[in-house]
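Residue numbers (this note's numbering): 19 to 124.
Beta carbons are placed, not taken as given, at the ideal position from N, Cα and C, and that holds for glycine.
Since the structure is predicted, the reported quantities are computational estimates derived from the model, not experimental observations.
Below: one structure, written as structure tokens.
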DNA sequence: GGTTTGACCATAA
DNA sequence: CTTATGGCCAAAC
């Protein structure tokens, strides 16, 4: 059963819209929500092609907690309250979605 | 209908 | 830390 089919992009966007403000998720996580964790790459490709402003693409980062769009994305996240460990790194243990641990967000 | 272009992840060495 | 490998293809042109 294939997961990546025509219309895949739309499903990616729908999944990304579920990510709450102030939180971030990973490409792999979105892929898992869509039914196949091995299609993380496709999620990245889909988002790269995304032009829909309703989609909070900036909340999707890689599994290492790194952003890949530089200052623009960082500032969008910081405005939502997401803190950065380094210039392009987010602590997924604290801001990742869904929440993995009991960690609190002060 | 062929070519190009894209923002990944886990694992290993 | 870096590099490599296997998993995997829609959309726009």
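Exposure label - residue i; buried when at least 16 CB within 10 Å
i           : result
residue 103 : exposed
residue 49  : buried
residue 25  : exposed
residue 53  : exposed
residue 1   : This structure leaves residue 1 out entirely; the chain is present only between 19 and 124.
N- and C-terminal bounds of the alpha helix (DSSP H) containing residue i
i          : result
residue 81 : That residue, residue 81, is in no alpha helix (DSSP H); it is neither H nor E in DSSP.
Sequence-distant residues of the same chain with beta carbon closer than 6 angstroms to residue i, five excluded per side
i           : result
residue 107 : 83, 84
Sequence-distant residues of the same chain with beta carbon closer than 7 angstroms to residue i, five excluded per side
i          : result
residue 46 : 55, 58, 81
CB contact flag (residue i, residue j, <7 angstroms)
i          : j          : result
residue 23 : residue 78 : no
residue 51 : residue 67 : no
Endpoints, beta strand (DSSP E) assigned at residue i
i           : result
residue 104 : 102 to 104
Cut-off 8 angstroms between Cβ atoms - residues of its own chain near residue i, not counting five sequence neighbours on either side
i          : result
residue 35 : 72, 73, 74
residue 96 : 102
Three or more C-beta pairs below 8 angstroms linking the region 68 to 75 and the region 34 to 47: yes
Three-pair Cβ contact test at 8 angstroms for the region 79 to 92 versus the region 63 to 70: no
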